[in-house]
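Residue numbers (UniProt numbering): 1 to 471. Built from N, CA and C at the ideal position, the CB exists for glycine as well. Only a predicted model underlies this, so the values are computations on that prediction, with no experimental measurement involved. Okay, so here's the structure we're looking at.
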Amino acid sequence: MSSSTPTDQEIAKKARKAGIASFIGTTIEWYDFYIYGTAAALVFGQVFFSDELSSGVATLLAFVTLWAGFLARPLGGVIFGHLGDRIGRKNTLVITLVMMGIATVGIGLLPTYAQIGMWAPVLLVFLRIVQGVAVGGEWGGAVLIASENAPKGKGIMYSAFAQQGSPAGNLLSTMAFFFLAALPTPQFLMWGWRIPFLFSALLVIVGMVIRLRLEESDAMKAVLARKKTVKLPIKEVLRKHWVLVLLGAGALPLAQVTYFKNTFALSWATSELGYERGTFLAIIAIALVVQFIVQPFGAVLVSRIDMRKAMLLMIVPELFLMPAMFYAIRTETFAIAVIGMCLATIPHSMFYGAIAGILARAFPANIRYSGLSLAYQLCSLIVGGGTPVLAQYLLNSSGDVTGVAIAAGCYAAVSLVCTLALLERTGYDPKAPSVAEQSDAEELALEQSETAERDRRTPGTYDTPRDRVHA
C-alpha cells in the first residue's frame, strides 16, 4: 500500500470528526432558526405588532414573518450552493454560520412596536430573511461534509450526523424558553424572550472554532483537483436534473411536519386550549428527545434493506399518527398529549434521518451542493414556512382542528408518492452506487484511462521497459 493511501482507521477517524463537526454546526444553526418559531408562537404577535389587533390576527402575522425566512431559503440554497460547488463545502459553511449568528443576535436587540412603530416588524422581517438565506445554504453543505467524508457505502448513515442537529437545536431552543416560562408575563414580554437570541453569540463562536478546523470533503477535493467545477452549478442543475429537484422537493413535506407540532400546536394549545406555556413546552421537549433518539435509526434502516421497503415503513404510519396527534392534544391531558406527540414523532423523525443521504446520492459531486440545497429549500419555501400559516388559517376559518389534521395527513401522502418516484430514478439498493455516483465513477475511470493513454503515447514518457525498447 502506498504511504499516501489512508488506512481504514484514518478514514474512520476523519469521518467521525466531520460528522461531529457537522452535527455541532447544524445544532447551532437550527437553534437560531427554531427560537424564532417559538418566539413567533409565544411573543412576536404581542411585541412587534399593534395591540389593537386581535390575538388570532397578531399571531397569524407573526407566523407570516416566520414564513419570510422560508421564502429566503431557496435564495440561500442557490447562493451558497454555487459557492459550495465552486470553492468548497468548508469555507461556505463558515460564512453561513456567521450570517446566522449576526441575524439572530440582531433580533434579540430589536426595539418593539411600541418604541418604533412599523419599523419594528419591518426590521424583524429583514433579519428573518438573513436567517433564511443563511440556513438555506447551511443544510446542504453540512450534509455533504458528513456524507462525502464517510467510509465507502456509509454515506447515508453519516449524513444523519447533520440531521441530528435539527432535533438538538430545536430541543435547545425549546428548553431555553422553558426555563424562561416561569418569568411573569410582563418581564417575559419585555426582556425575557431576548435572552435565547443573545445567547446565540456564544454558540456561534464555538461553532466557528470547530468549522475552521474542519477538513474539506474528499469528493470536493477531487472535483477541485480535476478542475471539474461548473461555472454556474444552478444552471446545470435546472438544465439536466430538474426532475430530481422536483421529486426531492416533493419527497420532503414529511420532514416539515415538525412545524405543525412545535410552532402551530404551541400557539394553539396555549392560546385556545387550557395548557400553560411551560407545560406544553415540556411536551414538545419530550417529543424532541424521542426524535433525537430514534432519528438515526432511519438512516440505519435505509442502509440495510431495500430503500423502498424502508421508506414505506417510515411514511405510511404517519398518514394516521400525525392527524391523531391533534386530537390527543385536544384532550388537554398531559399524558395523552405526550403519547400522541411522541407516536407522531417517530415515523417522520426516522424519515428525516434517512432522506438527506438519499438526496445527496441523487446528484453528481460537482453540482451536489446546489441540487441538494435547491430541492430541500424549495420544499421549505412552499411547505415549511407555510405550515403554521396554513394551520392557523384553517383553525381561524372553522374554529376546529380537523382541517389541520387532514392537511397533516396530506403531507405524508405527497411524501410517499414522490419518495418512491425518486428512488425509481436514483436506485433503491443501499449497497450499490446510485445512478449519479456510478456516472461519476465511470467519468473518473475514463479520464484516468485517457490520461494513461496520452502518457504512453507522449515521446519521452515510458511506462515499462518494453516501451523504452520500442521508443
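In the structure shown, the three-state DSSP call for T331 is coil. Using a Cβ-Cβ distance cut-off of 8 Å, the stretch 169-176 and the stretch 408-428 are not in contact, since fewer than three pairs of beta carbons, one from each stretch, lie closer than that value. Assigned with DSSP and collapsed to three states, F49 falls in coil, not helix or strand. In the DSSP annotation of this structure, A255 is not part of any alpha helix (DSSP H), being labelled neither H nor E. Counting the other CB atoms within 10 Å of its CB gives N366 a total of 16 or more, which places it among the buried residues.
Runs of the alpha helix (DSSP H) lying entirely within the stretch 134-175 and spanning at least 4 residues: none are present. Straight-line spacing of the CA atoms in E29 and F280 works out to 24 Å. The three-state reading of DSSP puts L183 in coil, since its state is none of H, G, I, E or B. For M311, the uninterrupted alpha helix (DSSP H) run begins and ends at 307-315, by DSSP. Considered as a whole, the stretch 349-386 harbours 368-379 as its complete alpha helix (DSSP H) runs of no fewer than 4 residues, in chain order.
Cβ-Cβ distances below 6 Å link P347 to M314, P317, E318 in the same chain, with the five nearest sequence neighbours on each side left out; the list follows chain order. The stretch 390-397 makes no contact with the stretch 89-107: fewer than 3 CB pairs, one atom from each, lie closer than 8 Å. The Cβ atoms of F48 and L144 lie no closer than 8 Å to each other. M118 carries a coil assignment under DSSP once its states are collapsed to helix, strand and coil.
Sixteen is the threshold: when 16 or more other Cβ atoms of the shown chains lie within 10 Å of the Cβ of E148, as they do, the residue is buried. Apart from the 5 residues on each side of it in sequence, L198 sits with its Cβ closer than 8 Å to the Cβ of V105, G108, L109 in its chain, given in chain order. Boundaries of the alpha helix (DSSP H) harbouring P296: 277-304, taken from the DSSP string.
With distances taken between CA atoms, A356 lies nearest to A146 out of T345, A146, T65. Contact between the stretch 368-384 and the stretch 220-240 is established, with three or more Cβ pairs separated by less than 8 Å.
Following the DSSP letters along the chain, one finds L61 inside the alpha helix (DSSP H) bounded by residues 55-86. When the alpha-carbon of F351 is set against those of K152, T387, L420, the nearest one is in L420. Take C342, set aside five residues on each side of it, and the residues of its chain with a beta-carbon closer than 7 Å to its own are I286, A287, V290, in chain order. Here Y327 has no same chain residue with a Cβ atom under 6 Å from its own Cβ, once five neighbours each way along the sequence are excluded. Annotated as proximal: Y376 and L252, with beta-carbon spacing under 8 Å. Taking C-alpha positions only, T345 is separated from M322 by approximately 8 Å. A contact is defined here as three or more CB-CB pairs under 8 Å, and the stretch 255-275 meets this definition with respect to the stretch 30-46. Judged by DSSP in its simplified three-state form, G399 adopts coil rather than helix or strand. Taking all protein chains shown into account, V243 has fewer than 16 neighbouring C-beta atoms within 10 Å of its C-beta and is therefore exposed. Counting C-beta pairs with one atom in each stretch, the stretch 380-387 and the stretch 55-73 have three or more that are closer than 8 Å, which means they touch. When G132, V98, M307, V133 are compared, the shortest CA-CA separation from V206 is found for V98. Scanning L359, P186, L83 for the CA closest to the CA of T229 turns up L83. For K221, the three-state secondary structure derived from DSSP is helix. CA-CA distance, H241 to G427, rounds to 15 Å.
For P111, the three-state secondary structure derived from DSSP is coil. Annotated three-state conformation of V230 is coil, per DSSP. Taking the C-beta atoms as reference points, L93 is found no nearer than 8 Å to A150.
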